[in-house]
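Participant: Numbering (the numbering used here), first residue to last: 5 to 210. Let me begin by handing over the structure; questions about it come next.
Laid out in structure tokens, this is it:
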């Protein structure tokens, strides 16, 4: 089977997406036959921006979680109505594909089919659990830089590694996951310490 880069697949997919404003259901219906991992890659796009695009982050994050539950259960994806009816503009879709091509231009410098991790079904199930955890982190309302970007990069690496059969890239995805968890832990710890410092300062004047 001929090896096709993920970025090339995305170019083909973009041409197949209907022009004009479309619902998320239409987007999913158009892409689901391309495979779960390719759909996850597209859904992670809003989180790769420095500032998330309004209206897309929540439904796309929920979809990432649902897709990975479908991997775990070997079941079909069921779209909640509040997600399926949401509309995406052509401009928004173009932005998604632009940021993905930019991100993949770096990833594909090192990515190629290699290793046997990606052929292990148990590993793929573990990856689904990891991705669900990372997707939940995207929902945390933290007014701190990179709390969307860092987990989205880890999700992207794991999805691309599965799509391109690259075990080495999958390991890099695991490293990115550890960095993500460490970052969120440090954010939580620093946040607690700041609260303690403020309380101690207030109590000192009482």
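All residues carry an ideal CB built from backbone N, CA and C; glycine is no exception. Bear in mind that the values here come from a model prediction, so they are computed numbers and not experimental data.
#1: Distance check for residue 157 and residue 88, CA to CA, integer angstroms please.
#2: Threshold first: 4 residues or longer. Then list the alpha helix (DSSP H) segments lying entirely within the stretch 133-199, N to C.
#3: With distance defined between alpha-carbon atoms, name the residue in 136, 99, 170 and 74 nearest to residue 112.
#4: If you compare alpha carbons, which of 95, 99 and 39 is closest to residue 80?
#5: Assuming residue 65 and residue 139 are in contact, meaning their beta carbons sit under 8 Å apart, how far apart are those beta carbons, in whole angstroms?
#6: Taking the beta carbon of residue 41 as the centre, do at least 16 other beta carbons fall within 10 Å, making it buried, or is it exposed?
#7: DSSP beta-bridge partners for residue 92?
#8: I think residue 21 touches residue 31, with their Cβ atoms under 8 Å apart; what is that distance to the nearest whole Å?
#9: Between residue 97 and residue 24, what straight-line distance do the alpha-carbon atoms span, to the nearest angstrom?
#10: Cα-Cα, which of 10, 209, 208 and 120 is closest to residue 107?
#11: To the nearest angstrom, report how far apart residue 126 and residue 116 are at their CA atoms.
#12: Since residue 76 and residue 129 are thought to touch, with beta carbons under 8 Å apart, how far apart are those beta carbons, to the nearest angstrom?
#13: Looking only at its own chain, which residues have a Cβ that is under 7 Å from the Cβ of residue 47, when we skip the five neighbours before and after it?
#14: On the CB-based measure, 16 or more other CB atoms within 10 Å of its CB, does residue 49 come out buried or exposed?
#15: How would you call residue 144, buried or exposed, if buried means at least 16 neighbouring beta carbons within 10 angstroms?
#16: Where residue 188 and residue 194 are concerned, what is the direct C-alpha to C-alpha distance, given to the nearest angstrom?
#17: Taking 8 Å as the threshold (C-beta atoms), are residue 137 and residue 162 in contact?
#18: The alpha helix (DSSP H) that contains residue 42, what's its start and end?
#19: Figure out for me which residue from 167, 182 and 73 has the closest Cα to the Cα of residue 155.
#20: For the alpha helix (DSSP H) that residue 18 lies in, which residues bound it at each end?
Facilitator: If we stick to the structure as given:
#1: Position 84 of the chain shown holds residue 88. Position 153 of the chain shown holds residue 157. The straight-line gap from Cα to Cα measures roughly 25 Å.
#2: You should have 153-167.
#3: Residue 112 sits at position 108 when you count from the first residue of the chain shown. Of the candidates 136, 99, 170 and 74, the one whose C-alpha sits nearest the C-alpha of residue 112 is 170.
#4: For the purposes of this step, residue 80 is identified with residue 76 of the chain shown, where counting begins at 1. Per the Cα distances, 39.
#5: If you number the chain shown from 1, residue 65 lands on position 61. If you number the chain shown from 1, residue 139 lands on position 135. With a Cβ gap of about 5 Å, residue 65 and residue 139 count as contacting.
#6: Position 37 of the chain shown holds residue 41. Buried, because 16 or more other Cβ atoms sit within 10 Å of the Cβ of residue 41.
#7: By one-based count along the chain shown, residue 92 stands at place 88. BP columns for residue 92 point to 26.
#8: Here residue 21 refers to the residue found at position 17 of the chain shown. Here residue 31 refers to the residue found at position 27 of the chain shown. Contact flag correct, Cβ pair sits at about 7 Å.
#9: As a position in the chain shown, residue 97 is number 93, starting the count at 1. As a position in the chain shown, residue 24 is number 20, starting the count at 1. Going by the C-alpha atoms only, they are around 10 Å apart.
#10: Here residue 107 refers to the residue found at position 103 when the chain shown is read from its first residue. Checking every option, the nearest Cα to that of residue 107 belongs to 10.
#11: Your numbering for residue 126 matches position 122 in the chain shown. Your numbering for residue 116 matches position 112 in the chain shown. Whole-angstrom Cα-Cα distance: 22 Å.
#12: Counting from 1 along the chain shown, the entry for residue 76 is found at position 72. Counting from 1 along the chain shown, the entry for residue 129 is found at position 125. The pair is a contact, with the Cβ atoms about 6 Å apart (cut-off 8 Å).
#13: Residue 47 sits at position 43 when you count from the first residue of the chain shown. 64, 67 and 68.
#14: Residue mapping note: residue 49 aligns to position 45 of the chain shown, counting from 1. Buried, since its Cβ has 16 or more Cβ neighbours within 10 Å.
#15: For the purposes of this step, residue 144 is taken as residue 140 along the chain shown, with counting starting at 1. Classification for residue 144: exposed.
#16: Translated into the one-based positions of the chain shown, residue 188 becomes position 184. Translated into the one-based positions of the chain shown, residue 194 becomes position 190. Approximately 10 Å, taken between the alpha carbons.
#17: Here the question's residue 162 lines up with position 158 in the chain shown. Here the question's residue 137 lines up with position 133 in the chain shown. Taking 8 Å as the Cβ cut-off, residue 162 and residue 137 do not qualify as a contacting pair.
#18: Translated into the one-based positions of the chain shown, residue 42 becomes position 38. 40-47 is the extent of the alpha helix (DSSP H) around residue 42.
#19: As a working note, residue 155 is residue 151 in the chain shown. Of the candidates 167, 182 and 73, the one whose C-alpha sits nearest the C-alpha of residue 155 is 182.
#20: By 1-based counting over the chain shown, the position of residue 18 is 14. Run containing residue 18: 10-20, per the alpha helix (DSSP H) assignment.
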